[in-house]
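Participant: Below are the structure tokens for one structure; questions will follow.
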Amino acid sequence: MSLYGLHRRCKALIRSLDIPSPFDVHALCQNIAQQQGRPIQLKALAMPAGSPCGLWVSTATNYYIFYEKQASPFHQEHIIVHELGHLLCGHTTAAVMTDETSRLLMPTLNPNMVERILQRTHYSTPEEKEAEMIASLILQGAERAPAGLNRPTPEADETIRRVRRLLVHRHERHPRIR
6 MSLYGLHRRC KALIRSLDIP SPFDVHALCQ NIAQQQGRPI QLKALAMPAG SPCGLWVSTA
66 TNYYIFYEKQ ASPFHQEHII VHELGHLLCG HTTAAVMTDE TSRLLMPTLN PNMVERILQR
126 THYSTPEEKE AEMIASLILQ GAERAPAGLN RPTPEADETI RRVRRLLVHR HERHPRIR
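Going by my numbering, the letters in the sequence shown line up with residues 6 to 183, in that order.
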């Protein structure tokens, strides 16, 4: 698939999502879990050197996303959204998790329950490129709360939307205004 085709496919998939505004990765996970009919559990782990910084595991009843505990908050967010990309695209792989690895990551989970495992290591496969495109597009379009604020009030949200509309319309009428 061409880069243009990949971009179009990913944009179409993202349009079907309920992306929270302002962006919150935990709320996005809840929305996708609801859409998929399966809970998504996020787990921060200190990954050994040379291992992937993210991992998506699908079981019959849950999705698990493991991400690097020592990464910056923005990197953790990117890792999580990348793994959500794999989930949304329905990627599968023939990778096998050993019983020992499974016990380390999920001590209470029976290794036989794991249906799918995806590791984020490099982006040379079509699946990795697609998941990375999903993550990049979601995060690129994410509306962020102003620094230092948790969540704006509904009134502030409406004011921000009105100002953006005014600026966008003004910019379209007067392209030299930046």
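For every residue, glycine included, the Cβ atom is placed at its ideal position computed from N, Cα and C.
1) Distance, Cα to Cα, N67 vs L8?
2) When the Cα atoms are used, what is the spatial distance from P25 to L33?
3) Counting only runs of 3+ residues fully inside the segment 49 to 80, write out the beta strand (DSSP E) ranges in chain order.
4) Looking only at its own chain, which residues have a Cβ that is under 6 Å from the Cβ of L47, when we skip the five neighbours before and after it?
5) Three-state secondary structure (DSSP) at I24?
6) Considering only the beta carbon of each residue, do A51 and H87 sit closer than 8 Å?
7) Using C-beta distances below 7 Å, list every residue in its chain close to V101, excluding the 5 sequence neighbours before and after it, in chain order.
8) Tell me whether Q145 is buried or exposed, calling it buried when 16 or more other Cβ atoms sit within 10 Å of its Cβ.
9) Taking the alpha-carbon of S63 as reference, which of A38, P78 and L18 has the nearest alpha-carbon?
10) In the DSSP output, which residue or residues are listed as bridge partners for I45?
Facilitator: The short version:
1) Straight-line Cα distance between these residues: approximately 32 Å.
2) Cα-Cα distance, rounded: 6 Å.
3) Within the segment 49 to 80, the complete beta strand (DSSP E) runs of at least 3 residues are 59 to 64 and 68 to 73.
4) Taken in chain order, the residues that qualify are I70.
5) Coil, per DSSP.
6) In this structure, A51 lies away from H87, with their beta-carbon atoms at least 8 Å apart.
7) Note that V101 has pLDDT 44, beneath the 50 cutoff, so the model's placement of it is unreliable and the number below is only indicative. There are no such residues.
8) Exposed, by the Cβ-count rule.
9) For the residues A38, P78 and L18, the minimum Cα distance to S63 belongs to A38.
10) DSSP output for I45 lists Y68 as bridge partner(s).
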